[in-house]
Amino acid sequence: MAFYLDNAATTGIRPSALEVMVPLLAEEFGNPSGAHRMARAANRVLDDARETMAACLGAEPGEIIFTSGGTESDNLAIQGSLTARPGIAVCSAIEHHAVLDPVEHAGGRVVRVNEDGLVDLDHLADCLAGSEDVPVSVVSIMLANNETGVIQPLDQIERLVRKLAPEALLHTDAVQAMCWLDVAELTARADLVSVSAHKFGGPKGVGVMVARSGKNVEPLFRGGGQERGRRGGTHNVAGIAAMAVAAKETVAERATQVPRVSELRDRLADGIVSTVEGVFETGVTSPAELQPSDSTKNDKAKNEAKRINKIANICHLCFADVESEALLFLLEKDDIMASAASSCSSGAIEPSHVLTAMGFDRQLAFGSLRLSLGYGTTEADVEAALNTIPPAVQRLRERA
Amino acid sequence: MTDPNQSNEAPSRGDVLVAMSGGVDSSVAAALLQRDGYRVVGVTLKLWGGESDSGCCSVSDVDDARRVAQQLDIEHHVFNFGDDFDKFVVDPYVADHQRGHTPNPCVECNRHIKFDKLFRRADALGFDMIATGHHARVVTDPDGSFRISRGADDLKDQSYVLHMLDQNQLGRLLLPVGDITKEQVRELAAELGMRTADKPDSQDVCFIHSEGGRKVFLGDRISLRPATLVDQEGEKVGEVDSIELVTLGQRKGLDLGGDVGRRYVVDIDHETATVTVGHKDKLLVAGQKVENLEWSDMELSGEFKVQCSAHGRVLRGSLDGSTIVWWQPQRRIARGQSIVLYRGDEVVGGGIAGDAIEVQNDAANSDVAPNSAVPKSAVPDGTEDNGAVDDDAAEPMVASDFT
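If you read the protein sequences in the order shown, they are chains R and B.
Take the position in the first sequence, starting the count at 1, then add 568; the result is the number in the working numbering.
Take the position in the second sequence, starting the count at 1, then add 4; the result is the number in the working numbering.
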């Protein structure tokens, strides 16, 4: 038994998605690049999935590039743009490492964010002003952050990019947004969009990068000419088909899941913030409000108003004088699965680059906790977390 | 702990957190505890974020620890104690070298990280006991007090680096491999099919890369100062690039010309950047101040066996206030090294080497112990000590004591 509150890390596969996979692996396993009947059947599956993904993402079928997931899509967007149109890559300081690392590797520019985790538009404007001879090639700003859940103002960002760097491609990593936001509408004016199936009930190892017509990038993998030469390699047909089923279901149930999950999240966040001293909720309260004497912290109405700017499923907290890894251990003892920030390759928890970018000191960043809800989250999950977290925090403060 | 995977049906002897470095000793420690009916959880401490190849907490060591835990079907976690390691071990290590001391980082890591930070963490997480793979034993004296005692394997004994543990810590510490030899540890690991069975022992300071060594490590952090080498008469006989890298008793690497016999570093004066070299007899001192002396249980006085490096010889001396007076003149202990007091095989206390007490008259060259009032027969067992200086004991003590 587990109370699973780590849906931003990954989700379980939707039964309907799982169902389509097995026959495609065991019986109708043809390679869609072939010519015979089984190959044609596989190609039909692929074309269906492509249309479904296009509809879910507000794109044309020809704009869908199937990839191995979010990291590949992000790398394809950054590296593929830089190769296609040499210049400077720009991204925000809170991007997922799948964007941040390739941008930094290419010597790109990193845009600051404010204390609430929102991109500093003035600094973005500075970064977009390319030098005389080197233009900005690609700008990448995520739709919703994977740690804090804060939604970026993509419309304003898009206007800035078109005005100040009209030649640049605009990429957005929508990996965390798929379940909770109208990705089709919000990314309609972006040139490149990344999503990953396992964040919305599809299998791991499959994703999409949308490349708008005429906004092509150079491939990362050359090979058999798949995806119109934009991504070589035999198609993961079963994974792609399952992703399409999961995406369709996700979009169809968004209108009911978002209010349901958002209410659960609010109950969770309000419950913790109102019973635990020395905690703040990123993007909602600030470290300045850590003092128990500050009554604004528990202003539910204000907090809920600010949470409008976060995706529905994320409750991201920082506890003063608590170390996340110890807190996670106690949560796990009560079968609650959650996460802190990023882990390094050894598995050790490192202070989050997102919190660091938001200006929080290292000690506070070491006390972060991300509870991420999903389409399968129930009241029981929230109750379990509410029962465990306040005493666990207290215990750690007294004894660790 | 309510691990549904725990196959052990018998009532548990308690919840134990085992510090698993990814080495063979702690791998086997975890296995022995599990066999003995404890509910075991493994933890690997991520201590050092910088470059290193000689110690633990590299990604591959974490992989090894995790794999062993998987084989044993126990939980495994990684705790990031890097900030505390920097603060309590690495920064003081650098600062000590800067002021001419010779620190023992393994001791400080045990003092502040494994047996303080980890103990507090384990307590907060609800563990009854902590275990490590050190070759030493926790014994209970007739009066009920706990002591660290030497491990079954003389050559691998690590009681020295555990000397700082107090009653509260000792009462909650399990050292499962202390009763067996290193060879037996490796045999057990091989029987259990552990990938760590043949893994070499760690050798040096875990945070220092073997290639550049101390020189590069310290040079990146402090400015190393050149010093003048002089003989006992004050005559200049050479130079060294960095006084911070010179160790008391050092013979090698001094580049002394001429046919003057073997000469050793007998004094290091950081203020004037002068290193004095001389005959090894000049290293001999009558005693040594012990700073920050702490007792395992109650304060004791009188005669002790004394050890001044991790695998060093056993010396004999008597405690006079906070000074250990050698029965026979002994080689000067570098400031900053730990001086550990034993009764029999049991650690009873320890501290940090301070100033040496110079030999009065010329007893250093005599066979007669300066405090000959204490008969040698008062300590009937153990290693005999001839008061000589080891030629090869000149390098600073940096042994494999992160387990």
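We treat Cβ as the ideally placed atom computed from N, Cα and C, and that holds for glycine.
DSSP three-state assignment for residue i, whether helix, strand or coil
| i | result |
| --- | --- |
| R:E640 | helix |
| R:A779 | strand |
| R:N611 | helix |
| B:G18 | coil |
| R:Y572 | strand |
| R:T740 | strand |
| R:E557 | Coverage of chain R is limited to positions 569 through 968, which leaves residue 557 of chain R absent and any answer about it impossible. |
| B:V28 | helix |
| R:F887 | strand |
| B:G355 | strand |
| R:H520 | Here chain R comprises residues numbered 569 to 968, so residue 520 of chain R is not present and cannot be evaluated. |
| R:F634 | strand |
| B:T48 | strand |
| R:F934 | coil |
| R:A697 | coil |
| R:V707 | strand |
| R:F897 | helix |
| R:R757 | coil |
| B:A360 | strand |
| R:S601 | coil |
C-beta neighbour in chain B for residue i, strict 7 angstroms
| i | result |
| --- | --- |
| R:E893 | yes |
| R:C886 | no |
| R:R938 | no |
| R:I904 | no |
| R:L964 | yes |
| R:A952 | no |
| R:F972 | In the structure displayed, chain R extends from 569 to 968; residue 972 of chain R sits before or after that span and is not available. |
| R:I917 | yes |
| R:F897 | yes |
| R:A968 | yes |
Same chain, Cβ closer than 8 angstroms to residue i, five either side skipped, listed in chain order
| i | result |
| --- | --- |
| R:A607 | G598, N599, P600 and S601 |
| B:A277 | R229, P230, A231, T232 and I247 |
| B:V94 | W52, P109 and F211 |
| R:D903 | M569, A570, F571 and A952 |
Proximal residues to residue i (C-beta, below 7 angstroms), its chain only, five neighbours per side dropped
| i | result |
| --- | --- |
| R:T818 | M746, C747, F768 and G769 |
| R:L728 | L689, L692, A693 and L696 |
| B:F131 | D19, V20 and L21 |
| B:T144 | F150 |
| R:G846 | L858, F887, A888 and D889 |
| B:G175 | F150 |
| R:S920 | E715, A909, S910, A933 and S936 |
Interface flag, residue i vs chain R, CB-CB below 7 angstroms
| i | result |
| --- | --- |
| B:V20 | no |
| B:A128 | yes |
| B:V83 | As written in the sequence, residue 83 of chain B is Phe, which differs from the Val given in the question. Interface residue, yes. |
| B:R125 | yes |
| B:K50 | yes |
| B:M24 | no |
Beta-carbon contacts of residue i that lie in its chain and below 6 angstroms, excluding the five residues immediately before and after
| i | result |
| --- | --- |
| B:Y346 | K309 |
| B:D183 | A156 |
| R:G797 | none |
| B:F221 | I212 |
Using 8 angstroms as the cut-off, can you tell me whether the segment 159 to 174 of chain B makes contact with the segment 209 to 220 of chain B, which would need three or more C-beta pairs spanning the two stretches below that distance? No: fewer than three Cβ pairs fall under 8 angstroms.
Mind listing, in chain order, the continuous beta strand (DSSP E) runs of no fewer than 3 residues lying wholly within the segment 272 to 312 of chain B? If only uninterrupted beta strand (DSSP E) runs of at least 3 residues are considered, those enclosed by the segment 272 to 312 of chain B are 278 to 282, 288 to 299 and 306 to 311.
Minimum length 3: unbroken beta strand (DSSP E) runs contained in the segment 304 to 353 of chain B: Listed in chain order, the beta strand (DSSP E) elements of length 3 or more contained wholly in the segment 304 to 353 of chain B are 306 to 311, 318 to 324, 327 to 335 and 342 to 347.
I'd like to know if the segment 569 to 583 of chain R and the segment 936 to 953 of chain R are in contact, where contact means that at least 3 CB-CB pairs between them fall below 8 angstroms. Result yes; three or more Cβ-Cβ pairs closer than 8 angstroms.
Flag this pair as touching only if the segment 956 to 965 of chain R and the segment 923 to 933 of chain R have three or more C-beta atom pairs under 8 angstroms; answer yes or no. No, they do not touch.
Across the segment 250 to 259 of chain B and the segment 293 to 300 of chain B, are there enough close Cβ pairs to call them in contact, namely three or more that are closer than 8 angstroms? No, the segment 250 to 259 of chain B is not in contact with the segment 293 to 300 of chain B.
For the segment 270 to 284 of chain B against the segment 322 to 331 of chain B, do three or more pairs of beta-carbon atoms, one drawn from each stretch, fall closer than 8 angstroms, so that the two count as touching? They do not touch, by the three-pair rule.
Sufficient close CB pairs (3 or more, under 8 angstroms) joining the segment 86 to 97 of chain B to the segment 37 to 54 of chain B: Counting Cβ pairs under 8 angstroms, three or more are found: they touch.
Measuring CB atoms only, is the segment 825 to 832 of chain R touching the segment 622 to 640 of chain R, in the sense that at least three cross pairs come out at less than 8 angstroms? No, they do not touch.
Alpha helix (DSSP H) runs wholly inside the segment 216 to 258 of chain B, at least 4 long, in chain order: Counting only runs of 4 or more, we get 217 to 223.
Could I get the ranges of all uninterrupted alpha helix (DSSP H) runs contained in the segment 98 to 182 of chain B, with 4 residues as the minimum, in chain order? With a minimum length of 4 residues, the unbroken runs of alpha helix (DSSP H) contained wholly in the segment 98 to 182 of chain B fall at 109 to 113, 122 to 128 and 171 to 174.
Just list the beta strand (DSSP E) runs in the segment 769 to 817 of chain R, keeping only unbroken ones of 3 residues or longer that don't cross its boundaries, in chain order. Runs of the beta strand (DSSP E) inside the segment 769 to 817 of chain R: 775 to 779.
Taking three-plus beta-carbon pairs below 8 angstroms as touching, is the segment 805 to 821 of chain R in contact with the segment 831 to 843 of chain R? The segment 805 to 821 of chain R vs the segment 831 to 843 of chain R: no contact.
If contact is defined by three or more beta carbon pairs under 8 angstroms, each pair taking one atom from either stretch, is the segment 730 to 743 of chain R in contact with the segment 642 to 649 of chain R? Yes, the segment 642 to 649 of chain R touches the segment 730 to 743 of chain R.
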